[in-house]
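Right, one structure below, let's go through it.
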Amino acid sequence: MSTMLSNINNNNGNSHTYSNEGVNGSSSDSSGNRPLYQNERIGNENENQQLSQSSQRQATPQQHQDQSSNYIARPTFGLVDFVLQRTLGTGTFGRVFLTKFKHTEHYYAMKVLKKSEIVRLKQTEHVNSERFILSQVTHPFIVNLYCTFQNDKNLYMLLEYVIGGELFSHLRRAGRFTNDMTRFYSAEIVLALEYLHDNEIIYRDLKPENLLLDSRGHIKIADFGFAKKLEDRTWTLCGTPEYLAPEIIQSKGHGKAVDWWALGILIFEMLAGYPPFFADSPFGIYEKILVGKIQFPPHFDSHAKDLIKRFLTADRTKRLGNLRGGSEDVKRHKWFRGVDWQGLYDKQIQAPIIPPYQHPGDTSNFERYPEPTEETNSPIGLTGDPHRHLFADF
Ligand SMILES: Nc1ncnc2c1ncn2[C@@H]1O[C@H](COP(=O)(O)OP(=O)(O)OP(=O)(O)O)[C@@H](O)[C@H]1O
Ligand SMILES: [Mg+2]
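Counting along the sequence shown from 1, when you hit position 171 you're at 171 in UniProt numbering, and nothing is skipped either side.
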């Protein structure tokens, strides 16, 4: 079993606060002005085996659908084969740890979810859907799920360790991103959303905390806790207040269009350093979203402004990305003019921030969290497990 994981190469916090300070347009990274156009490809000789396989793939939905994921169903190893090292992030029902596989010394991220909390908060369906969707998808800008398992108390999701930390931290440190940096991250996200939507998956939780940077500074979308395989339109109220589309707040049902709305919010936030609609309470934010008045800072590029307005169109039948041309309309928008989409997919475009790290288990790009006092890794709960049947696929 250790050989199975030994092939896996691992080279590779959540409350919003906004302030107007530090909004000066400068990035801590001087390479932030590099455009991502046709003539800007760079080699990817450092890419690991796994990624070089994916770089041969084409960015077409047909080919995406043919790819098999790295997911190992029913692994023979379990928690005892891992050493949990430190917390990388925390969430509603659990936390994500840096972990080392004892047999190979490779690092992974382990998302640990407490079953009793999931059940109490009625999130069973979301968690099962997160496992199912992540086990199916393979894309250069989406985090890899290798396997899942459970004990009496917890569910465990073994993910690739994405060493560069949250885009959120990089954005807060920089204040705001330049137009070129913002376009780079947005374009990688467009490719990931296009892939998900082509596979009838809506992501529903786009925000800087859920976007990680890999070792070379490329986007990895994490946290599929709200993602949904689409059947028809869906009506659940979920997501983060600042990023909710009007049709979600108004419970009109929503589909793929919500992700394009959220991308509009994200592009605004990257360029401005704060989101377009914010207030002290979720209710205040919802009110502003429904009024829909966007105040653009004067330094915004005019094409970026146009794109944001087209994404932040309340009527989803008129929203860019949700029209007849789908994601192609987005890729053809003037702000993205000249982007080398294939080179981008192949990770041949130099990223604007190269996260610093000393070794594969370096966690310096993540915030510090207090470690749990109760042992998250106790193999057997004292009270038995009334919930196992709810998570039969883990
Ligand atoms: N694969 C990973 N590599 C590195 N860090 C990760 C990884 N996955 C998650 N993290 C860190 O842990 C944080 C929380 O993870 P995630 O967003 O998946 O959980 P969550 O927000 O608790 O989920 P939920 O919204 O389902 O409660 C992330 O914001 C990120 O900082
Ligand atoms: Mg999250």
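For each residue, glycine too, the CB sits at the ideal point set by N, CA and C.
Would residue i be called buried (16 or more neighbouring beta carbons within 10 Å of its own) or exposed?
i           : result
Q295        : exposed
H299        : exposed
H389        : exposed
F283        : exposed
W197        : It is worth fixing the name first, because residue 197 is His in this sequence and not Trp. Its Cβ being crowded by 16 or more others within 10 Å, H197 is buried.
D223        : buried
E125        : exposed
D280        : exposed
P356        : exposed
R173        : exposed
P246        : buried
L159        : buried
S169        : buried
residue 399 : It is not possible to answer for residue 399, since the shown part of the chain is limited to 1 through 394.
K334        : exposed
residue 400 : The shown model of the chain, from 1 to 394, leaves out residue 400, and the question about it has no answer.
G321        : buried
P352        : buried
R310        : buried
L312        : buried
Where does residue i sit, in a helix, a strand or coil, going by DSSP?
i    : result
L290 : helix
I118 : helix
Q295 : coil
V258 : helix
F268 : helix
A109 : strand
I354 : coil
T99  : strand
E328 : helix
L263 : helix
N24  : Confidence at N24 is low in this model, with a pLDDT of 32, below 50, so its placement is unreliable and the value that follows should be read with caution. N24 falls in the coil class under three-state DSSP.
D29  : Annotation note: pLDDT 35 at D29 (below 50); position unreliable, no value reported.
E160 : strand
F391 : helix
L78  : Checking the sequence shown, residue 78 turns out to be Gly, not Leu. The answer is coil: DSSP assigns G78 none of H, G, I, E or B.
I285 : helix
First and last residue of the beta strand (DSSP E) that includes residue i?
i   : result
G89 : 82-90
What span of residues does the alpha helix (DSSP H) with residue i cover, start to end?
i    : result
G343 : 341-345
F132 : 124-136
K153 : No alpha helix (DSSP H) contains K153, which DSSP labels as neither H nor E.
K318 : K318 -> no alpha helix (DSSP H), and no H or E assigned at all.
H303 : 302-311
P246 : 246-249
Is there a Cβ of chain C sitting closer than 8 Å to that of residue i, yes or no?
i    : result
E130 : Checking the listed chains, one finds no chain C in this structure; it contains a single protein chain.
Entirely enclosed beta strand (DSSP E) segments - the stretch 165-243, minimum 3 residues: For the stretch 165-243, whole beta strand (DSSP E) runs of length 3 or above, ordered along the chain, are 211-213, 219-221.
Within 5 Å of ligand 2: residues by beta-carbon to any heavy atom: Per the Cβ criterion, the list is N210, D223.
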